[in-house]
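Asks: Protein chains in written order, with this note's numbering: chain V, 1 to 136; chain H, 137 to 973.
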């Protein structure tokens, strides 16, 4: 067999290995219930949960608590299956946090609490939300 | 309302679209026309492409007139600029919007097309057919025309009026309403890198079309081997420009964004990194073909792949499909269908053409031995492609999820939370392998060798590499296995290429491009390894407070709360926050917010006193100067052994229309390491707790008292004749107290005013000292005892939360980048000369 064929086979095998391990290491978007089950069955992978902040009847966001030293905060996130979960985040609260429509939290369950390693905020898009400031 | 310029611009867009199609048709005809008609068709084709080029210039000029004259009735000017932007940022508003960045791309390709028309006699017609087609597709993206009957909107025009773009009630009342000012340029983009990075990157995008066009032309005209020679110098130029564009973006991110590095493996970055890797692979196979007639088929595949990947990355980043996957905000302009057609058209066309011609493409039957350069180049190119493949798969997760959902699947794949860790874990090994392959391949590149000779040639560099490697790991204390491998690979590629460089310089310095470029790559690998692998957060919190009782304690707390004028220790530094500063527009330096008086115009302030910055007087008392009120700088002093080591001014920009709050770092640059600091959270005065209840104290002139634990003394009380912003009548009485408060570093003066107006009304103007958290009011005057009643209020002192990181050896990365670029330039010059011969 020609050497180039052997090399080709090796590289195809490498490509397949990449696909498998890339997908195997990938995280998935789940709900809090699924995330909790994964954590209790010993799965330590980071997971993504998409949700909205808890609001009262008039639309004010409730459940945000900042730590005394302002270095961390917690909030209540409602996932797409309407489950509420308190999420801790070990960074100061981003100033535009309360304006966000959707929050993606990436992290893990530690017993009954969810600790986010990272949060992504989906703020109202500039284009959808745009209203002209007529006073200027 | 300035309708004319917008209509003119739109006309130019349509002209550019139509003329590009005409040029395609005419060039196509000229290729197959009988000789006597050929020249006529060529002439027509050239004229139409030149008209196309002029129309593109017309579009650019029209858009620039709209932006620079602040015609805010146009959506593009309104949403991307305002009337305060200086000229160079007005230019960068061009590529702030999607339409403008398409325009930039079209502009570069038109420019390249004109160069090709004038330099490529033999290849002109077939190459320009491909060029014209791509131009037509791109121009259609900014066409903004609704096709009649089927009601499909083609493209999004940059010349759309604000009232047509935004549904706002004001336009019903007042159709001719024009906002007084635009909503401005994203503060992050107000940076000099943003003036040059996008044009460089888009030139890189545009350049990928050149080798692709030659390749397609070669397949089409069955000139399977000839296309390599004219394409190669362009591919090299492309590799340099695209690489430079990517690295400029990384440098901008490092300086301006606050994620703490130059590379975040964000989909936007990956989408250009992968085509660049494949481009580099294609350059190597093309050079191999020139030298030894091997690797022609792989050159064809790779050249096509580069261009398709550029189209794919355009689709990814502009169609809105990335949605949740990226922190960058991509807005879907409704072009996703059009972008998909663009991508599929060239993918399918190129693949079909290749399949038809594949059997005719000559191959070399020679078996390449592992002592031949072909073997090593092939191995390296394949590894580069695999490396790109590993990046493109997770980047495409949103596409995979979408495609999965068409078949009823619910995949919900996502890149893990720490995407930097995730990608680096794989990419590190690829980088090490590529460096090893390339370092070894160098020995076979310059001469064919047999087994025994190889030993003689390769052993000294290996030994030198091992010695250097041992020194580095001992000095820098590298113990992680993966980092050891990467360091060794980096050292090896540098050493082996220095050897090559030394021998090439003796023979012919113009051949040194390759060796230099590889040395640059090796340095970049080492620089990346240290600056990222050994980047550490130095602002660790040592207060001992836990995030929550429910959680384990081992979580890092990476942020540090600093109260004003209270030193803390961080890394080996003593760190102290000194207060909020503003930056005068036309003077170098920073001015404390305590030393300025505001005026009605937020952009203009007045100096309260003579202002010094770092020992130099920069402003006189009563000087009026301009500032940008969005920007606040937080002066942070770092001391080592009692001496000031650095003063940093990380910045916060407040801009509600751009999402509130934007932090930019300040970097203390040392030769061996950078100290990188940014504000994680500034104090918001409106949210701060109220002032304490007023405490009243009676003092005489010269008497000391305490306020918020600071020593204060009432120095004088004088009658004043005027108060800013208040009309005083002859019988009114106003007195001003002058109270000196000694802070940790400076003395401050509080000057409250007591006023009796119209003989009966009493007014009190308090004086606040933000730095100390003190407010003093002159409550009353007691002439009988010569005492004065002062009202004292206090609150928590000013604070800021910062994060600081150390980035060792980052300068090796920047230096390597420079050497890589020099290498590309030398190689490119050599190949262009070769082409001219």
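We put the beta carbon where it would ideally sit given N, CA and C, even for glycine.
Which residues share a DSSP beta bridge with residue 946 of chain H?
Replies: The partner list for residue 946 of chain H (beta bridge, DSSP) is empty, contrary to what the question assumes.
Asks: For residue 655 of chain H versus residue 376 of chain H, is the C-beta distance shorter than 9 Å?
Replies: no
Asks: Would you say residue 495 of chain H reaches chain V, if we count a Cβ-Cβ gap shorter than 9 Å as a contact?
Replies: no
Asks: Starting from residue 146 of chain H and walking both ways along the alpha helix (DSSP H), at which residues does that stretch end?
Replies: 139-168
Asks: Identify every run of the beta strand (DSSP E) within the region 628-653 of chain H, keeping only runs that are complete inside it and at least 3 residues long; order them along the chain.
Replies: none
Asks: Please give the ranges of any beta strand (DSSP E) in the region 715-770 of chain H, keeping only runs that are unbroken, at least 3 residues long and fully inside the region.
Replies: 732-734, 740-743, 747-749, 752-755, 760-762
Asks: What does residue 11 of chain V reach in chain H if we use C-beta pairs closer than 7 Å?
Replies: Here the neighbours are 518, 522.
Asks: Is the CB of residue 25 of chain V under 9 Å away from at least one CB in chain A?
Replies: You won't find chain A in this structure, because its protein chains are V and H.
Asks: Is residue 21 of chain V close to chain H? Criterion is C-beta to C-beta, closer than 9 Å.
Replies: yes
Asks: Does chain V have any CB closer than 9 Å to the CB of residue 140 of chain H?
Replies: no
Asks: How about residue 808 of chain H and residue 947 of chain H: do their beta carbons lie closer than 9 Å?
Replies: yes
Asks: Against chain H, does residue 46 of chain V count as a neighbour if the rule is that its beta carbon must be under 9 Å from one of theirs?
Replies: yes
Asks: Can you give the Cα-Cα distance for residue 437 of chain H and residue 570 of chain H, rounded to whole angstroms?
Replies: 20 Å
Asks: So, for residue 326 of chain H: in the same chain, excluding its five sequence neighbours on each side, which residues have a beta-carbon less than 6 Å away from its beta-carbon?
Replies: 225
Asks: Should the region 900-916 of chain H be called in touch with the region 875-892 of chain H, which here means at least 3 C-beta pairs below 8 Å?
Replies: The region 900-916 of chain H, when compared against the region 875-892 of chain H, does touch it at the 8 Å Cβ threshold.
Asks: Taking 8 Å as the cut-off, does the region 316-330 of chain H touch the region 387-394 of chain H (at least 3 CB pairs, one atom from each stretch)?
Replies: The answer is yes - the region 316-330 of chain H touches the region 387-394 of chain H, with three or more Cβ pairs under 8 Å.
Asks: Hey, out of H:319, H:670, H:653, whose CA is closest to residue 956 of chain H's CA?
Replies: Scanning H:319, H:670, H:653 for the CA closest to the CA of residue 956 of chain H turns up H:653.
Asks: Output yes if chain V places a C-beta closer than 9 Å to the C-beta of residue 203 of chain H; else output no.
Replies: Not an interface residue.
Asks: Of the choices H:269, H:804, H:168, whose alpha-carbon is the least far from that of residue 154 of chain H?
Replies: H:269
Asks: Is the separation between the beta-carbon of residue 219 of chain H and that of residue 182 of chain H shorter than 9 Å?
Replies: no
Asks: Can you find the residues in the same chain that come closer than 6 Å, C-beta to C-beta, to residue 725 of chain H, ignoring five residues on each side of it along the sequence?
Replies: 749, 754
Asks: By a C-beta neighbour count over all protein chains shown, 10 Å radius and 16 as the cutoff for buried, is residue 544 of chain H buried or exposed?
Replies: exposed
Asks: Report yes or no: is there a C-beta of chain V within less than 9 Å of the C-beta of residue 816 of chain H?
Replies: yes
Asks: Against chain H, which members of the region 80-101 of chain V pass a CB distance test of less than 8 Å?
Replies: 88, 90, 91, 92, 93, 94, 95, 96, 99
Asks: List, in order along the chain, the chain H residues whose C-beta lies closer than 7 Å to that of residue 29 of chain V?
Replies: 548, 550
Asks: Whole angstroms is fine: what's the gap from residue 933 of chain H's alpha carbon to residue 44 of chain V's?
Replies: 42 Å
Asks: Excluding five sequence neighbours on each side, which residues of the same chain lie with their C-beta closer than 7 Å to the C-beta of residue 163 of chain H?
Replies: 181, 261, 264, 265, 268
Asks: Does any residue of chain V have a CB that is nearer than 9 Å to the CB of residue 937 of chain H?
Replies: yes
Asks: Check each residue of the region 834-853 of chain H: if its Cβ is closer than 7 Å to any Cβ of chain V, include it; give the result in chain order.
Replies: none
Asks: Which ranges would you report for the alpha helix (DSSP H) in the region 171-243 of chain H if only whole runs of at least 4 residues count?
Replies: 171-204, 211-216, 223-229
Asks: Less than 9 Å separating the beta-carbons of residue 768 of chain H and residue 832 of chain H?
Replies: no
Asks: Measure from the alpha carbon of residue 397 of chain H to the alpha carbon of each residue in H:838, H:800, H:920, H:973, then state which is nearest.
Replies: H:800
Asks: Quick one: which unbroken beta strand (DSSP E) runs of 3-plus residues sit fully inside the region 861-914 of chain H? Chain order, please.
Replies: 869-878, 883-886, 889-893, 897-901, 903-905
Asks: Give the residues of chain V in contact with residue 697 of chain H, contact being defined as C-beta atoms less than 8 Å apart.
Replies: 69, 70, 71
Asks: Under 9 Å, Cβ to Cβ, is there at least one residue of chain H near residue 43 of chain V?
Replies: no
Asks: Can you name the residues of chain V whose CB is closer than 9 Å to the CB of residue 554 of chain H?
Replies: 46, 106, 117, 118
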